[in-house]
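Undergrad: Got a structure for you, questions after.
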Amino acid sequence: MRVITGSVMASGLMLAGVAAGVVAQQATAPVARYEMRAETMSGFGGMGGGGGVGAAMAMAMGGSPKAQHMLWLDLGTSRAAADGKPKAEHFMPAGAKLGKSVLLKTPVSKPVEPGTTDFQRPKGRMLIFWGCGEHAPKGQPVVIDFSKLAAGQVPPGLWTTTVPVDRWVSPSSARTYGTWPSDDGKSAKPDSSLLGAHRIVSNYSPELSFSLAKDFMSPLNASNSAMGSGATVLRWGAIPDATGYYAMIIGGKQAPRGQDMMDIVWWSSSAARQFGGGLSDWLAPQTVAKLVADKTVMSPQTTTCTVPAEVKAAAPDYMFGTLHAYGPEESFAYPPRPADPKVKWVPEWTARIRHRSTTGFLVGVEGFGGASAASQQEAPKPQCKPKKKGLGGLLGGAIGGAIGVPTSGGDGC
Numbered sequence: 001m002r003v004i005t006g007s008v009m010a011s012g013l014m015l016a017g018v019a020a021g022v023v024a025q026q027a028t029a030p031v032a033r034y035e036m037r038a039e040t041m042s043g044f045g046g047m048g049g050g051g052g053v054g055a056a057m058a059m060a061m062g063g064s065p066k067a068q069h070m071l072w073l074d075l076g077t078s079r080a081a082a083d084g085k086p087k088a089e090h091f092m093p094a095g096a097k098l099g100k101s102v103l104l105k106t107p108v109s110k111p112v113e114p115g116t117t118d119f120q121r122p123k124g125r126m127l128i129f130w131g132c133g134e135h136a137p138k139g140q141p142v143v144i145d146f147s148k149l150a151a152g153q154v155p156p157g158l159w160t161t162t163v164p165v166d167r168w169v170s171p172s173s174a175r176t177y178g179t180w181p182s183d184d185g186k187s188a189k190p191d192s193s194l195l196g197a198h199r200i201v202s203n204y205s206p207e208l209s210f211s212l213a214k215d216f217m218s219p220l221n222a223s224n225s226a227m228g229s230g231a232t233v234l235r236w237g238a239i240p241d242a243t244g245y246y247a248m249i250i251g252g253k254q255a256p257r258g259q260d261m262m263d264i265v266w267w268s269s270s271a272a273r274q275f276g277g278g279l280s281d282w283l284a285p286q287t288v289a290k291l292v293a294d295k296t297v298m299s300p301q302t303t304t305c306t307v308p309a310e311v312k313a314a315a316p317d318y319m320f321g322t323l324h325a326y327g328p329e330e331s332f333a334y335p336p337r338p339a340d341p342k343v344k345w346v347p348e349w350t351a352r353i354r355h356r357s358t359t360g361f362l363v364g365v366e367g368f369g370g371a372s373a374a375s376q377q378e379a380p381k382p383q384c385k386p387k388k389k390g391l392g393g394l395l396g397g398a399i400g401g402a403i404g405v406p407t408s409g410g411d412g413c
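Numbering (this note's numbering), first residue to last: 1 to 413.
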């Protein structure tokens, strides 16, 4: 058994840049890539993992809903199963409380019926604000009028292009692909833990073995309070292993008849106009460090941010917020990269796990601000199967990202 117990690869498959005059090490793509994503969801944002109404009721009654633990597994290889029937199992440590193993299911492709589409043209406008502060600076908001866009067109400059979007393992990037959660009915338990030895065995990939030293992150608890000026102060308690924080709010102003939203308001805590894209993903620590330096992401020492008064004025009827705490990464490979850069690296497999903690909250509604930041506690954890959202849901996708529900970042779950 080949067990890798340390972090032997910085991130993914890309070789790091080297100084001028130093020979770059050559490397081949691995036969297999494995991805694990672990998330702790708390507050109203737990709706994606079994929270929702239950979370809302708990918060309305002055309590703090239990945190949910979410886990996604993806295996992709360049091989095919010899018998044409892919099978893969992830053997978990006993502390995971998931039985002997979980089965990674290979999806069966279904043909798309011609002429079907789920696109609905958004109505009204989108008003975009960004940055922490009591008042929005000159030049905000940027206004996007949906009536002036062609069907299916993404407004220019809406999504950030400066934050890298990872190319996760997916059916399109692998000859054979397996994923979990599937239809086995299993989910993480309130006392599940990822710590310890993991082993992935399949009939289309080399065997992978590694040991994890990082567990699910602590839950985030956020509170919000109104200032006399109309601004909203967000507060949260710093959590261990957080590499940075990012907050955003989706709000709205209803049309006079109360049937449709006339204005959709989107606010980001970034000091620059940075929205969507990789910011709603599981970002690598080195990526977060760069984003903290340019103030796209708040530092791990930050525990407060003021939402400008103009945001609430533009969205008087509804404001839903989310806060992400990006976390650590553990990466593994076999065989490890040779220390001598002149020796070509030919890995059989690579694996990585990334973490984040997310909370959601309703702004300005009593009982829906989350528990006080000082009262953080460790908490339990079920999970859900992520659902992808397309542009037909330009607004739906934005809201999905805001509440922390995993969406397709381009090539992944």
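Cβ atoms here follow ideal geometry from the backbone N, Cα and C, with glycine treated the same way.
#1: Quick one, are the C-beta atoms of F332 and A351 less than 9 Å apart?
#2: Can you give me the Cβ contacts of G63 inside the same chain, cut-off strictly under 7 Å, excluding the 5 residues immediately before and after it?
#3: How big is the Cα-Cα spacing for P335 and W130?
#4: Go ahead and pull the three-state DSSP assignment for T28.
#5: When we look at the beta-carbon of V363 and count the other beta-carbons within 10 Å, is it buried (16 or more) or exposed?
#6: Would you report the Cα separation of S182 and M262, rounded to the nearest angstrom?
#7: Output the distance between the C-alpha atoms of E134 and S147, rounded to the nearest integer angstrom.
#8: Apart from the five residues on each side of it in sequence, which residues of its chain come closer than 7 Å, Cβ to Cβ, to S268?
#9: In angstroms, rounded to a whole number, what distance separates the CA positions of L212 and H198?
#10: When DSSP labels each residue in this structure, what does Q301 get in the three-state scheme?
#11: Locate the alpha helix (DSSP H) running through K290, then write down its first and last residues.
#12: Candidates G278, L279 and S78: which alpha carbon is nearest P171's?
#13: To which residues of the same chain is G321 closer than 6 Å at the C-beta, ignoring the five residues directly before and after it?
#14: Can you tell which of T28, E39 and V31 has its C-alpha closest to the C-alpha of M217?
#15: So, under 8 Å CB-CB, A309 and R356 are touching, yes? Tell me the CB distance rounded to an integer number of Å.
#16: Just to confirm the assignment, what range does the alpha helix (DSSP H) spanning A351 have?
#17: Compute the beta-carbon to beta-carbon distance between L291 and V169, rounded to the nearest angstrom, for a pair I have assumed lies under 8 Å.
#18: How far does the beta strand (DSSP E) with K253 in it reach, from first residue to last?
#19: When you compare only the Cα positions, how much space is there between K85 and W282?
#20: Give the secondary structure of V311 by DSSP, where H, G and I count as helix, E and B as strand, and everything else as coil.
#21: CA-CA distance, N203 and S209?
#22: Going by alpha carbons, who is nearest to C132 out of G252, W345, L73 and K295?
#23: Taking all protein chains shown into account, decide if K389 is buried (16 or more other Cβ within 10 angstroms of its Cβ) or exposed.
#24: When you compare only the Cα positions, how much space is there between M227 and S193?
#25: Where do the N-terminal and C-terminal ends of the beta strand (DSSP E) with Y177 fall, by residue?
#26: For W236, which option in T243, T304 and G252 has the closest C-alpha, if you only look at C-alpha atoms?
#27: Within 10 Å of its beta-carbon, does V143 have 16 or more other beta-carbons around it, so buried, or fewer, so exposed?
#28: Whole-angstrom Cβ separation of A88 and G178, contact assumed at under 8 Å?
#29: With a threshold of 7 Å on Cβ separation, who are the neighbours of T302 within its own chain once the five nearest residues in sequence on each side are excluded?
#30: Got a sec, what are the start and stop residues for the beta strand (DSSP E) Y334 sits in?
TA: A quick look at the data gives this:
#1: yes
#2: Low confidence applies here, because G63 scores a pLDDT of 46, under 50, leaving its location unreliable; read the following figure in that light. Nothing listed; no residue qualifies.
#3: 45 Å
#4: Looking at T28 - three-state DSSP - the assignment turns out to be coil, as it is neither helix nor strand.
#5: Around the beta carbon of V363, 16 or more other beta carbons lie within 10 angstroms, which makes this residue buried.
#6: 39 Å
#7: 31 Å
#8: W130, M248, Q274 and F275
#9: 8 Å
#10: Coil, per DSSP.
#11: P285 to A293
#12: S78
#13: I249, F361 and V363
#14: E39
#15: Contact doesn't hold; Cβ gap of about 30 Å is too wide.
#16: Here A351 belongs to no alpha helix (DSSP H); instead the beta strand (DSSP E) covers W349 to L362.
#17: Wrong, their Cβ atoms sit about 23 Å apart, outside the cutoff.
#18: G244 to Q254
#19: 31 Å
#20: helix
#21: Approximately 15 Å between the Cα atoms of the pair.
#22: K295
#23: Because the pLDDT of K389 is 35, which lies under 50, any placement of that residue in the model is unreliable, and the question is left without a value.
#24: 40 Å
#25: T176 to W180
#26: T304
#27: exposed
#28: 4 Å
#29: Y245
#30: Y318 to Y334
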